[in-house]
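Undergrad: Let me give you the structure first, and then I'll get to my questions.
Number of protein chains: 2
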Amino acid sequence: MKLSTRGRYAARALLDLACHQGTAPIPLKDVARRQGISLYYLEHIVMPLAAAGVVRSSRGASGGIQLARPPQEIRLSEILRLVEGSLAPVDCVADPARCPRAELCVAREVWLELDRVINAVLDSTTLHDLVKRQERKAQIEDPAVRKDGA
Amino acid sequence: MKLSTRGRYAARALLDLACHQGTAPIPLKDVARRQGISLYYLEHIVMPLAAAGVVRSSRGASGGIQLARPPQEIRLSEILRLVEGSLAPVDCVADPARCPRAELCVAREVWLELDRVINAVLDSTTLHDLVKRQERKAQIEDPAVRKDGA
DNA sequence: ACTTAGATGGTCAAATTAGTCAATATCTTT
DNA sequence: AAAGATATTGACTAATTTGACCATCTAAGT
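Structure representation (structure tokens):
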């Protein structure tokens, strides 16, 4: 029941983007450095997010990536699903045909419930929520405002 | 965010035990056959459950394993934790020291919430609940009562 | 036109994990 | 003593995860 680093890195990277959002795109390199993520790995993680239109990328000098939508419209569940694949704790949740016992299986009913609550949490959290929390937290930690997602 | 087969098999195996519970211990071989699980693998899975006193095993002829406690006192969360290790979606949930950013990390707050709801579901489900659901389901499926956990 | 910065997309490799199989030891009933 | 069962350990294979590297394409600035 672990979230892989893909999901965690994706979440942190997008939060970093959200915190540093301006008009100019942000080089992946900067995000990788600030978040302590391998640039090479991050490149792969970002790909599905760009393909799905969560981030917009621009190549070339002074290129980089940006959020393609306002942070309040980007749900954590969407990010994780894109980089991790289905969030279902067991395959039979999404596709009953994966298990020949699916019809009679009572365990599956529990897995469905589990899936429901997991999605409830992740659907209800947007990037914007995270940014707000971040700012509040930084205030408490250090009254001199810091926005570096560190 | 997948539950591994260890967890799923453990749940199914114990449910099988609960359904077939009598006075005599049940050979692992029978459970493995009924549930379609490799016997060798099941042996590994059962070990931590025996060590933790969830099942009681008896060797020798007409030996096997039995639930060590009544089904209503065995929670799904306990089973899964024993065979899968921590259920926390991210390591930093159980142990903040795992991540140097834990203090400031707002993602962690979401992971904590996620952990909470996951545990809520799995803590509130006992083997007895599953057995009841199973019987109800079997009734609907086929009025001739079947108790073989299939 | 040239240079530089940066994404794109692909390959490769190391490390870890999942799942399976087997051999042997040890215990218990008959 | 024999037979039936779990206990323990180790080895093996395959898949997945994580990460490194690079050749190529693209855009910006000079």
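The listed protein sequences derive, respectively, from chains W and R.
Take the first sequence: its position 11, counted from the start at 1, is 872 in this note's numbering, and no numbers get skipped.
Take the second sequence: its position 72, counted from the start at 1, is 933 in this note's numbering, and no numbers get skipped.
We put the beta carbon where it would ideally sit given N, CA and C, even for glycine.
All values derive from a computational prediction rather than experimental measurement.
Looking only at its chain, what residues have a beta carbon closer than 6 Å to the beta carbon of W:Y870, apart from the 5 residues adjacent to it on each side?
TA: The answer, listed in chain order, is I898 and I906.
Undergrad: If you run the structure through DSSP and keep just helix, strand and coil, what is R:R942?
TA: R:R942 falls in the helix class under three-state DSSP.
Undergrad: Mind checking R:K1008: buried by the 16 CB within 10 Å criterion, or exposed?
TA: Any reading at R:K1008 needs caution, since the residue's pLDDT is 49, under 50, leaving its predicted position unreliable; the model's value is listed next. Classification of R:K1008: exposed, given that the 10 Å Cβ count is below 16.
Undergrad: For a test of the three-state rule: what should DSSP assign to R:T866, helix, strand or coil?
TA: R:T866 falls in the helix class under three-state DSSP.
Undergrad: Is the Cβ-Cβ distance between W:R930 and W:V915 less than 9 Å?
TA: Yes, they are a contact pair.
Undergrad: Could you check whether the segment 982-997 of chain W touches the segment 955-970 of chain W, counting it as contact only if at least three pairs of C-beta atoms, one from each stretch, sit closer than 8 Å?
TA: The answer is no - the segment 955-970 of chain W does not touch the segment 982-997 of chain W, with fewer than three Cβ pairs under 8 Å.
Undergrad: Using three-state DSSP, classify R:I979 as helix, strand or coil.
TA: Helix.
Undergrad: Contact criterion: CB-CB distance below 9 Å. Does R:E970 meet it with respect to chain W?
TA: Yes, R:E970 lies at the interface with chain W (some Cβ there is under 9 Å from its Cβ).
Undergrad: Counting only beta-carbon atoms, is W:D891 nearer than 9 Å to chain R?
TA: W:D891 does not count as touching chain R.
Undergrad: For R:W972, I'd like the list of residues in its chain whose CB is within less than 8 Å of its CB, leaving aside the five on either flank, ordered along the chain.
TA: Around R:W972: A949, P950, V951, C953 and V954.
Undergrad: Flag this pair as yes or no: are the beta carbons of W:L830 and W:I935 separated by less than 9 Å?
TA: Any property of residue 830 of chain W remains undetermined from this structure, which presents chain W solely from 862 to 1011.
Undergrad: Hey, could you find the ends of the alpha helix (DSSP H) R:V997 is sitting in?
TA: Position check: residue 997 of chain R holds Arg in this sequence, whereas Val was assumed. Run containing R:R997: L988 to E1002, per the alpha helix (DSSP H) assignment.
Undergrad: Kindly list the residues whose CB is nearer than 7 Å to the CB of W:Q933, restricted to its own chain and excluding five residues on each side of it in sequence; keep chain order.
TA: Excluding residues within five positions, the ones whose Cβ falls inside 7 Å are T987 and H989.
Undergrad: Alpha carbon to alpha carbon, what distance is there between W:L900 and R:Q882?
TA: Whole-angstrom Cα-Cα distance: 55 Å.
Undergrad: Enumerate in chain order the residues of its own chain whose CB-to-CB distance from W:A893 is below 6 Å, with the five nearest sequence positions on each side excluded.
TA: So the list reads L900 and L903, once near-sequence residues are dropped.
Undergrad: For R:P909, would you say it is in contact with chain W, using Cβ-to-Cβ distances shorter than 9 Å as the test?
TA: It does not; no Cβ of chain W falls within 9 Å.
Undergrad: In the DSSP output, what is R:G914 paired with across the bridge?
TA: Note: R:G914 sits in no beta bridge, so no partner.
Undergrad: Taking the straight line between their C-alpha atoms, what separation do you get for R:S918 and R:I926?
TA: Straight-line Cα distance between these residues: approximately 4 Å.
Undergrad: Check the Cβ-Cβ distances between R:Q933 and every residue of chain W, and say whether any is below 9 Å.
TA: It does not; no Cβ of chain W falls within 9 Å.
Undergrad: Do R:P961 and R:G924 come within 9 Å of each other at the CB atom, strictly closer than that value?
TA: Their beta carbons are not under 9 Å apart, which means R:G924 does not touch R:P961 by this criterion.
Undergrad: Taking W:L864 and W:L991 to be in contact with their CB atoms under 8 Å, please state how far apart those CB atoms are, rounded to whole angstroms.
TA: The Cβ separation is near 15 Å, so there is no contact.
Undergrad: Tell me which residues of the segment 925-957 of chain W have at least one Cβ-Cβ distance to chain R shorter than 7 Å, keeping chain order.
TA: Cβ contacts with chain R: L937, E945, L948, P950 and V951.
Undergrad: Under 9 Å, Cβ to Cβ, is there at least one residue of chain R near W:Q1000?
TA: So, not an interface residue.
Undergrad: Using the Cα positions of W:V978 and W:A968, report the straight-line distance between them to the nearest angstrom.
TA: Their backbone Cα atoms lie some 16 Å apart in a straight line.
Undergrad: Using 9 Å as the threshold, is the C-beta distance between W:E996 and R:L965 below it?
TA: Result no, Cβ atoms of W:E996 and R:L965 do not sit closer than 9 Å.
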